[in-house]
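Enquirer:
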C-alpha cells in the first residue's frame with residue numbers, strides 16, 4: 003500500500019514538473035501599448051498540444067507582485083474551462099487597468115496554468131508557468147517657445163532662449179534641437195544643440211548667441227526641429243516655426259523696451275566744471291567793465 007502511494011506521489015510530481023499538455027500559442031492586446039491609467043484587453047490563445055483531453059483547465063494572471071503595475075478591471079484575473087479536447091484551442095480574455103503612476107516600460111506578467119489529465123486511468127494534476135509582456139507607453143509631448151522677455155537689437159551680439167516643455171506622460175530621451183539657416187542672423191554657437199532627457203512634466207532651455215545684421219527684417223521667421231526618442235526608443239521628429247522680433251537701437255528706445263542713456267556722475271561733474279568756468283569768465287568780464 004505504501005509503495006502504491008509513493009508511486010502515485012512520484013507520478014503527480016512528474017506531471018507537475020514535465021508534462022506540458024497545453025501551451026500559450028498566441029498573445030494579443032488592445033491597445034498594443036497602454037497608457038498609464040488606461041484599460042487594456044489581453045487575449046491568450048491556449049492550445050491542447052497533447053494526444054489526450056484535459057479537464058479543469060484554469061488560467062490565472064499573477065498580479066500580486068509589486069513590480070506588476072496592473073489590476074483586474076470589471077473581471078477576474080482567473081479564468082476556468084471544464085475541458086479542452088486534444089488539438090483544440092481556446093481564447094481566454096482578461097481586462098486589466100494600468101495603475102496611474104506606472105512608469106513607461108515593458109512589464110512581464112506571470113501566467114499560471116493548471117489542469118488535469120488521465121494517464122493509466124489515473125487523473126493527474128499538472129502545472130505550467132509562463133510569462134507574457136505588456137508595454138506601457140505614452141508619447142512625449144514637446145512644445146517649444148521663445149522667451150519673449152529678451153530684446154534683440156540689430157547690429158549687436160544678442161542671446162535668445164528657447165524653452166522646451168514636456169507635457170506628456172512619458173520622458174523624452176536623446177533630444178536634439180536644430181535651428182534652420184536664418185537670413186539676417188550670424189550664429190556664434192552651433193545651430194544643433196543636444197539637451198539629453200526631459201522628464202514628464204518638466205522643461206529645459208537652450209540658448210543661441212547671434213549677431214543680427216543691421217539690414218535684417220524686423221520679423222525673422224525660422225524653423226526649430228526637435229528629434230528625440232520615447233522610452234521604447236521609438237524616434238520622433240517634430241518641427242515648429244517661430245518668429246524673432248528685432249529692433250534698431252533707436253526703435254527700441256522709442257517704444258521703451260530699451261532705456262535711454264542716463265546721465266552718469268562723470269557727465270554731471272563735467273557739466274558743473276564747464277558751468278563754473280563760464281561763471282568765472284563772466285564774472286571777470288563784468289569786473290573789467292566796472293574798472294573802465
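Numbering (my numbering), first residue to last: 3 to 294.
Glycine is no exception: its CB is placed at the ideal position from the N, C-alpha and C atoms.
1. Since residue 59 and residue 83 should fall inside the 8 Å C-beta cutoff, what is the C-beta to C-beta distance between them, to a whole number of angstroms?
2. Of the residues 201, 169, 216, which one's Cα is nearest the Cα of residue 185?
3. Using the rule of at least 16 other Cβ atoms within 10 Å of the residue's Cβ for burial, across every protein chain shown, is residue 42 buried or exposed?
4. Mind reading off the beta-carbon distance from residue 144 to residue 251? Whole number of angstroms is fine, and I expect it under 8 Å.
5. Short check: CB of residue 114 to CB of residue 48, under 7 Å?
6. From residue 169 to residue 202, what distance separates their C-alpha atoms?
7. Where do the ends of the alpha helix (DSSP H) carrying residue 251 lie?
8. Tell me the DSSP secondary structure of residue 107 in three-state form.
9. Quick check: residue 206 and residue 200, are their CB atoms within less than 7 Å of each other?
10. Under three-state DSSP, which class holds residue 276?
11. Taking the Cβ atom as the reference point for each residue, do residue 156 and residue 218 lie within a distance shorter than 7 Å?
12. My output table needs one value for residue 209: the three-state DSSP class, helix, strand or coil.
13. For residue 279, which residues in the same chain have their Cβ closer than 7 Å to its Cβ, ignoring the five residues on either side in sequence?
14. Would you grab the beta carbon distance between residue 33 and residue 101 for me? Rounded to a whole angstrom, and I think it's under 8 Å.
15. Rounding to the nearest angstrom, what Cα-Cα distance links residue 194 and residue 96 in this structure?
16. Ignoring anything shorter than 3 residues or poking outside the stretch 27-115, list the beta strand (DSSP E) runs there in chain order.
17. Measure the alpha-carbon distance for residue 70 versus residue 149 and round it to whole angstroms.
18. Leaving out the 5 sequence neighbours to the left and right, which residues in its chain are closer than 6 Å to residue 231 when beta-carbon positions are compared?
Expert: In short, the structure shows the following:
1. Contact holds; Cβ gap of about 4 Å.
2. 216
3. Residue burial annotation: residue 42 is buried, with at least 16 other C-beta atoms found within 10 angstroms of its C-beta.
4. No, residue 144 and residue 251 are not in contact; Cβ-Cβ is about 35 Å, not under 8 Å.
5. When the beta-carbon positions are compared, residue 114 and residue 48 stay at least 7 Å from each other.
6. Whole-angstrom Cα-Cα distance: 6 Å.
7. From DSSP, the alpha helix (DSSP H) with residue 251 extends over 251-256.
8. strand
9. yes
10. helix
11. yes
12. strand
13. none
14. At roughly 16 Å, the Cβ-Cβ gap does not stay under 8 Å, so residue 33 and residue 101 are not in contact.
15. 47 Å
16. Secondary structure remark: continuous beta strand (DSSP E) runs of at least 3 residues inside the stretch 27-115, in chain order: 41-50, 56-63, 72-74, 80-86, 91-100.
17. 42 Å
18. These residues qualify, in order along the chain: 175, 176, 237.
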